[in-house]
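Chemist: Got a structure for you, questions after.
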Amino acid sequence: MSDSDNEYIEDHSSGDDHNLNVGGSGRAQRQKGSGRNATSKPGTRARWERALRDTNNEPNVVADDSRLAENISRRAEAQKRARIRKDTKPFQRGIIRHMVLVLDVSEMMLEKDMRPNRYRVMLRYLEEYILEFFEQNPISQITVLMMYDGRCIQLSELSGNPNDHINAIQKLRDGDGKDELPKEPKGSPSLQNALEMSRAMLYHTPKHGTREVLIILGALLTNDPGDIHKTIASCVKDKLRVSIIGIFARMKICTEIVSRTNGGDESGYGVATDDVDLRDLLMASTSPPAMRATEQEDAAANLLVMGFPSRTEEEHPSLCACHGELTRGGYICPRCKTKVCSLPQTCPSCQLTLILSTHLARSYHHLFPLRNWLEVSWDRVREMRTTQCKGCLKKFPGIPTEDDGADKMDGSSESSRYECPSCHHHFCVDCDVFCHQTLYNCPGCQSGPPAQVPASNGETTGDPMALDGAS
Amino acid sequence: MDGVDATVRGSVRTSSAAPPSLLTIILDTNPLSWSHLSSSLPLSAVLKTLLIFVNAHLAINHANQVAVLASHVDNVAWLYPTPDDGDASKQSSQTNGHTEVADEHRVVSNKYRPFLTIEKNISKNLRNLLTSDIPSAEALKSPPLLAGALSIALAYANLQLLKADPMTSDSASTGTGAVGAADLDAHTSALRTARSGHQFVSRILIVSVSQADLSSQYIGLMNSVFAAQRLNIPLDVLRIGERTAFLQQASDATSGVYLTYDPPNSTANGTNGAATASFSSATAGLLQTLMQGYFSDVAARKLLVMPGSAEVDFRAACFCHGKIVDLGGVCSVCLSIFCLPLEFTSCPTCQSPLRVPKSVTTKPVAFARRKKKKRKIGDGGRDSAAGTPVPN
Ligand SMILES: [Zn+2]
Ligand SMILES: [Zn+2]
Ligand SMILES: [Zn+2]
Ligand SMILES: [Zn+2]
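So the protein lines, in turn, are chains D and S.
The opening position of the first sequence corresponds to residue 1 in UniProt numbering, with each subsequent residue numbered one higher.
The opening position of the second sequence corresponds to residue 1 in UniProt numbering, with each subsequent residue numbered one higher.
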């Protein structure tokens with residue numbers, strides 16, 4: 001078996017080399033697919049190559065070196081910004097999620113097209129997935145099921161504690177045959193059984209949360225006891241949203257399941273072509289899904305009463321209400337003063353939901369998204385006379401003496417400045433990306449009055465640091 | 001256990017003898033708060049102490065960097081590096097000022113030049129800041145713009161991280177850029193994993209004195225805290241005066257140090273062991289607190305037991321009034337926090353109608369009912385009921 005593996009890898013790499021030598025237009029067409037593959041291991045080579053090829057395609061850049069460098073840097077800016085040019089609509093997201101994670105543990109998962117095999121690769125990423133899921137959705141719940149030998153077996157109960165699920169997956173990975181867990185994948189999967197079981201799992205969940213099913217399916221068949229279309233119909237009725245991650249190939253029935261349970265939207269059916277792809281697809285599903293219009297209507301919000309207990313430390317150990325163990329510190333329920341060890345959880349004595357306020361705060365950037373920043377023209381720069389980034393103090397390029405009519409690159413700013421539409425401060429591209437993807441704050445809006453057009457004598461008003469006319 | 005120990009040490013050593021470290025200080029410069037402290041701990045003394053701290057930070061590693069921000073009454077200002085003074089090389093090369101030759105500073109030849117540069121810059125900028133705009137009495141009572149200062153500090157730290165390791169940042173940013181479908185959050189997680197093993201370390205020290213509460217900046221503050229968490233930047237807080245809820249949460253979430261410092265003559269505290277001369281006992285205590293509590297960088301903190309108490313105030317601010325609450329209503333759609341009892345029928349944040357569960361509405365009634373029951377019992381058998389509840 002290992003021999004064939006090596007052979008396969010060799011083939012793959014030689015194919016890659018071949019691609020590298022081809023170049024030109026044929027390569028350009030392939031770019032999307034192979035670029036993605038290439039990012040997996042060597043990382044930089046394909047991108048570097050692509051950037052170079054792209055600039056070569058442009059006839060006017062050959063003229064002089066300074067223009068070439070400028071063009072390349074501008075392209076880099078456009079690439080960086082490409083990702084943030086979305087998502088400013090504050091659409092509603094399902095922040096309290098109920099998720100059934102269905103794993104394929106059928107013999108198709110023993111295929112060695114991922115190394116060491118699909119099953120091991122899947123288990124390896126699941127742990128990371130679960131941690132990331134609870135990081136993004138701290139007040140959500142997961143249950144893990146597996147499709148094994150035609151049946152569907154529950155691995156962990158619906159719970160909001162990541163350790164429950166990670167332990168279950170670790171047990172599965174250790175595969176010592178204990179606890180009726182299988183040593184190895186076996187048999188064929190049954191999507192119908194999985195969906196029916198998911199439906200049962202999610203039946204009692206409250207309406208204000210989402211009901212989601214995520215199936216990781218390696219097999220290209222489903223071995224069902226009855227009519228799966230009836231099951232799909234009842235899933236639709238129960239408002240389940242099913243997404244499926246396939247491996248290497250699509251199946252018609254999966255497309256149908258996803259499209260019918262997502263109101264005709266097929267984007268929930270992704271197919272992983274390698275292990276990095278699988279990880280990306282998994283991670284993409286950790287961010288809370290957008291609520292559909294129909295859901296928004298009937299999802300009248302519930303007011304949930306929650307407690308935000310503070311952590312205390314005591315001189316003498318006392319019993320915690322959750323485990324009955326002697327502990328020194330813990331969190332005190334603000335309503336009944338019971339001590340619990342960890343958050344989030346429900347107060348064992350008064351049933352109040354106890355969470356950290358930081359758990360809630362993590363999703364606020366979905367509610368109050370940062371507006372996209374605008375590209376700044378040279379005319380605007382002449383007006384505002386900004387010389388450095390408001391955020392990181394990086395120098396901006398100076399105003400060109402004559403209008404050289406530089407070719408505009410879509411998505412990047414000719415002056416390398418980006419202006420916040422609310423506070424009119426100017427930022428560099430790195431701050432643009434950082435603020436929209438990590439910080440979700442505008443450093444300008446948060447720190448004082450909006451920038452004003454400087455007076456003609458260079459005197460600064462309001463904010464002395466962003467505006468400096470004296471340059 | 002031995003194996004674990006060895007790997008930890010090994011990784012620290014091989015990672016390079018000294019990972020460069022950026023220290024960003026955010027100094028609360030609200031004039032009103034400092035004037036309250038002027039008898040025990042004047043701003044000038046604190047500034048002197050902070051400069052010693054900064055110099056120590058620069059002295060321990062030649063590649064270390066410093067940035068100082070003032071969160072003032074109605075704006076945030078850079079104290080160091082000085083923004084935009086026409087010298088193009090200045091802000092791009094702060095690595096201890098080796099490249100930066102300031103001719104006018106040559107006169108003082110006894111001082112290590114980077115120390116001198118920083119000292120001059122900070123005092124000049126702070127003087128400009130305090131003298132240039134005189135804020136209104138209303139504005140003086142407003143909270144310092146801490147969320148903004150933190151945002152700027154993080155943006156600056158982010159740039160320094162990018163500079164220190166362009167390869168990581170490049171693969172982190174353009175790598176996910178190639179995968180068009182990758183989500184924003186997936187990107188940030190990639191960013192975080194890329195950064196966790198980072199060589200360049202950074203930390204932010206907030207020196208806070210104002211009493212005004214920060215709940216109006218709750219969301220901005222929390223966003224900054226999570227960004228700091230992702231960049232692996234601890235937020236250290238030195239609080240002079242009473243505790244504040246959110247700063248403590250911030251330092252707890254980013255595993256930073258939170259300490260309160262009481263100037264000795266307001267409350268005689270045991271923290272000032274190194275009292276030297278007359279007035280300087282407060283300053284010496286402050287310096288000791290700074291050096292003992294905040295001096296170690298992220299790399300060193302892995303090997304140390306950091307000070308601070310495990311007690312953390314985790315209360316939240318309600319969106320409706322900015323009140324600090326420990327028990328609140330949460331909108332199930334947008335997770336906005338409201339104080340109870342609720343004053344509206346639909347969520348002000350997301351406009352969805354709020355269905356208030358019975359347990360909330362009936363809670364105040366519960367006592368009334370019990371009373372009614374008692375009365376009923378009383379009606380039934382007055383003599384037996386009279387003795388039990390009221391002992392008069
Ligand atoms: Zn309780
Ligand atoms: Zn802004
Ligand atoms: Zn309120
Ligand atoms: Zn709401």
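A virtual CB, placed ideally from N, CA and C, is assigned to each residue, including glycine.
Nothing here was measured: the structure is a model prediction, and the numbers come from that model.
Within the same chain, show all residues whose beta-carbon is closer than 6 Å to that of cysteine 445 (chain D), passing over the 5 residues directly before and after it, in chain order.
Modeler: As a working mapping, residue 445 (chain D) is identified with position 445 in the first sequence. The answer, listed in chain order, is Ser422, Cys423.
Chemist: According to a CB-to-CB cut-off of less than 7 Å, which residues of the region 307 to 333 of chain D neighbour chain S?
Modeler: Gly307, Phe308, Pro309, Ser310, Arg311, Thr312, Glu313, Gly329
Chemist: With a Cβ-Cβ cutoff of 8 Å, do aspartate 104 (chain D) and isoleucine 216 (chain D) count as a contact?
Modeler: Here residue 104 (chain D) refers to the residue found at position 104 when the first sequence is read from its first residue. Here residue 216 (chain D) refers to the residue found at position 216 when the first sequence is read from its first residue. Cβ distance < 8 Å, so aspartate 104 (chain D) and isoleucine 216 (chain D) count as in contact.
Chemist: From tryptophan 78 (chain S) to arginine 243 (chain S), what distance separates their C-alpha atoms?
Modeler: Residue numbering aside, residue 78 (chain S) sits at position 78 when the second sequence is read from its first letter. Residue numbering aside, residue 243 (chain S) sits at position 243 when the second sequence is read from its first letter. Cα to Cα, tryptophan 78 (chain S) sits roughly 26 Å from arginine 243 (chain S).
Chemist: Residues bridged to isoleucine 216 (chain D) by DSSP?
Modeler: Stepping through the first sequence from its first residue, residue 216 (chain D) is reached at position 216. DSSP output for isoleucine 216 (chain D) lists D:Leu103, D:Ile245 as bridge partner(s).
Chemist: If we cut at 8 Å on Cβ distances, does lysine 41 (chain D) have a partner in chain S?
Modeler: As a working mapping, residue 41 (chain D) is identified with position 41 in the first sequence. Residue placement at lysine 41 (chain D) cannot be trusted, given a pLDDT of 41 that sits under 50; the coordinates are not used to answer.
Chemist: Starting from the beta carbon of cysteine 318 (chain S), find every residue of chain D whose beta carbon is closer than 9 Å, and list them in chain order.
Modeler: Here residue 318 (chain S) corresponds to residue number 318 of the second sequence, with the count starting at 1. Neighbours of cysteine 318 (chain S) on chain D: none; closest Cβ ~10 Å, over 9 Å.
Chemist: Between the UniProt domain "VWFA" (98 to 247) of chain D and chain S, which residues of the former have CB atoms less than 7 Å from a CB of the latter, in chain order?
Modeler: Glu132, Gln136, His208
Chemist: Helix or strand or just coil, what does DSSP make of aspartate 28 (chain S)?
Modeler: For the purposes of this step, residue 28 (chain S) is identified with residue 28 of the second sequence, where counting begins at 1. It is a strand residue.
Chemist: Am I right that leucine 110 (chain D) and arginine 173 (chain D) are in contact with their C-beta atoms under 8 Å? What's the rounded C-beta distance?
Modeler: In the first sequence, residue 110 (chain D) corresponds to position 110, counting from 1. In the first sequence, residue 173 (chain D) corresponds to position 173, counting from 1. That belief does not hold up - the Cβ atoms of leucine 110 (chain D) and arginine 173 (chain D) are roughly 14 Å apart, past 8 Å.
Chemist: Can you pull every residue whose C-beta falls closer than 7 Å to some heavy atom of ligand 2, listed in chain order?
Modeler: D:Cys420, D:Ser422, D:Cys423, D:His425, D:Cys442, D:Gly444, D:Cys445
Chemist: Determine contact between the region 289 to 296 of chain S and the region 316 to 332 of chain S, defined as no fewer than three beta-carbon pairs at a distance below 8 Å.
Modeler: Taking 8 Å as the limit for Cβ pairs, the verdict is that the region 316 to 332 of chain S does not touch the region 289 to 296 of chain S.
Chemist: Look up proline 353 (chain S) in the DSSP assignment and give the residues it is bridged to.
Modeler: For this step, residue 353 (chain S) is matched to residue 353 along the second sequence. Answer is S:Ser346.
Chemist: Which of the three DSSP states is assigned to alanine 451 (chain D) in this structure?
Modeler: Numbered from 1 along the first sequence, position 451 holds the residue referred to as residue 451 (chain D). Looking at alanine 451 (chain D) - three-state DSSP - the assignment turns out to be coil, as it is neither helix nor strand.
Chemist: Does the beta-carbon distance from aspartate 252 (chain S) to arginine 203 (chain S) come in below 8 Å?
Modeler: By one-based count along the second sequence, residue 252 (chain S) stands at place 252. By one-based count along the second sequence, residue 203 (chain S) stands at place 203. The answer is no: Cβ separation not under 8 Å.
Chemist: Taking Cβ-Cβ distances shorter than 9 Å, what residues in chain S pair up with aspartate 275 (chain D)?
Modeler: Within the first sequence, residue 275 (chain D) is the residue found at index 275, counting from 1. Near aspartate 275 (chain D) there are no residues of chain S at all, since even the closest Cβ is about 13 Å away, more than 9 Å.
Chemist: When every heavy atom of ligand 1 is checked, does at least one fall within less than 7 Å of the C-beta of residue 544 (chain D)?
Modeler: Past the boundaries of the shown model lies residue 544 (chain D); chain D is included only from 1 to 471, so the question cannot be answered.
Chemist: Between arginine 311 (chain D) and ligand 1, is the CB less than 7 Å from at least one heavy atom?
Modeler: By one-based count along the first sequence, residue 311 (chain D) stands at place 311. Flag unset: Cβ of arginine 311 (chain D) not near ligand 1.
Chemist: Starting from arginine 151 (chain D), trace the beta strand (DSSP E) both ways and give me its first and last residue.
Modeler: Along the first sequence, one-based indexing puts residue 151 (chain D) at 151. Segment 151 to 159, the beta strand (DSSP E) holding arginine 151 (chain D).
Chemist: Excluding the 5 residues flanking proline 143 (chain S) on each side, which residues of the same chain have their C-beta closer than 8 Å to its C-beta?
Modeler: Along the second sequence, read from residue 1 onward, the residue named residue 143 (chain S) stands at position 143. So the list reads Ser210, Ala212, Asp213, Leu214, Ser216, Gln217, once near-sequence residues are dropped.
Chemist: The beta strand (DSSP E) with serine 202 (chain S) in it runs from where to where?
Modeler: Counting from one through the second sequence, the residue named residue 202 (chain S) turns up at place 202. Segment 201 to 208, the beta strand (DSSP E) holding serine 202 (chain S).
Chemist: Kindly list, in the order they appear in chain S, the residues whose Cβ is closer than 9 Å to that of serine 363 (chain D).
Modeler: Counting from one through the first sequence, the residue named residue 363 (chain D) turns up at place 363. Correct list: Cys334, Leu335.
Chemist: What is the rounded straight-line gap between the Cα of asparagine 137 (chain D) and the Cα of threonine 286 (chain D)?
Modeler: Position 137 of the first sequence, counted from the first residue, corresponds to residue 137 (chain D). Position 286 of the first sequence, counted from the first residue, corresponds to residue 286 (chain D). If I take the Cα positions, the gap works out to 8 Å.
Chemist: Can a CB atom of chain D be found closer than 8 Å to the CB of proline 20 (chain S)?
Modeler: Looking up residue 20 (chain S) in the second sequence gives position 20. Any Cβ of chain D closer than 8 Å to the Cβ of proline 20 (chain S) would place that residue at the interface, and such an atom is absent.
Chemist: Are the Cβ atoms of tyrosine 129 (chain D) and proline 182 (chain D) separated by less than 8 Å?
Modeler: If you number the first sequence from 1, residue 129 (chain D) lands on position 129. If you number the first sequence from 1, residue 182 (chain D) lands on position 182. No, these two residues do not count as a Cβ contact at 8 Å.
Chemist: Distance check for histidine 425 (chain D) and glutamine 452 (chain D), CA to CA, integer angstroms please.
Modeler: Against the first sequence, residue 452 (chain D) aligns to sequence position 452. Against the first sequence, residue 425 (chain D) aligns to sequence position 425. Roughly 9 Å between the two C-alpha positions.
Chemist: Please say whether proline 185 (chain D) and glutamate 107 (chain D) have beta carbons closer to each other than 8 Å?
Modeler: Residue mapping note: residue 107 (chain D) aligns to position 107 of the first sequence, counting from 1. Residue mapping note: residue 185 (chain D) aligns to position 185 of the first sequence, counting from 1. A contact, by the Cβ cut-off of 8 Å.
Chemist: Could you tell me whether any Cβ in chain C is nearer than 8 Å to the Cβ of threonine 346 (chain D)?
Modeler: Absent from the structure: chain C. Protein chains present are D and S.
Chemist: Locate the alpha helix (DSSP H) running through glycine 293 (chain S), then write down its first and last residues.
Modeler: To locate residue 293 (chain S), count along the second sequence from 1; it is residue 293. Segment 281 to 294, the alpha helix (DSSP H) holding glycine 293 (chain S).
Chemist: From the DSSP output, in three-state form, read off valine 298 (chain S) for me.
Modeler: As a first step, residue 298 (chain S) is located in the second sequence; it is residue number 298 there, counting from the start. Correct three-state label for valine 298 (chain S): helix.
Chemist: Look at the Cβ atom of arginine 211 (chain D), then the Cβ atom of aspartate 238 (chain D), and state whether they are nearer than 8 Å.
Modeler: Locating residue 211 (chain D) in the first sequence gives position 211, counting from the first residue. Locating residue 238 (chain D) in the first sequence gives position 238, counting from the first residue. For arginine 211 (chain D) and aspartate 238 (chain D), yes; Cβs fall inside 8 Å.
Chemist: What is the C-beta distance between threonine 312 (chain D) and glycine 329 (chain D), in whole angstroms, given that I count them as a contact (C-beta under 8 Å)?
Modeler: Position 312 of the first sequence, counted from the start, is the residue given in the question as residue 312 (chain D). Position 329 of the first sequence, counted from the start, is the residue given in the question as residue 329 (chain D). The pair is a contact, with the Cβ atoms about 6 Å apart (cut-off 8 Å).
Chemist: Among D:Gly246, D:Cys320, D:Tyr203, D:Gly391, which one has its Cα closest to the Cα of residue 555 (chain D)?
Modeler: This structure cannot settle anything about residue 555 (chain D), because the visible part of chain D is limited to 1 through 471.
Chemist: Using only the heavy atoms of ligand 1, determine whether one of them is closer than 7 Å to the beta carbon of leucine 319 (chain D).
Modeler: Position 319 of the first sequence, counted from the start, is the residue given in the question as residue 319 (chain D). No, ligand 1 has no heavy atom inside 7 Å of this Cβ.
Chemist: So which residues on chain D does phenylalanine 344 (chain S) lean against when the C-beta distance must stay under 8 Å?
Modeler: As a first step, residue 344 (chain S) must be located in the second sequence, where it is residue number 344. Residues of chain D passing the Cβ test: none, with the nearest at roughly 10 Å.
Chemist: Report yes if the CB atom of tyrosine 261 (chain S) is closer than 8 Å to the CB atom of leucine 286 (chain S), and no otherwise.
Modeler: If you number the second sequence from 1, residue 261 (chain S) lands on position 261. If you number the second sequence from 1, residue 286 (chain S) lands on position 286. The answer is yes: Cβ separation under 8 Å.
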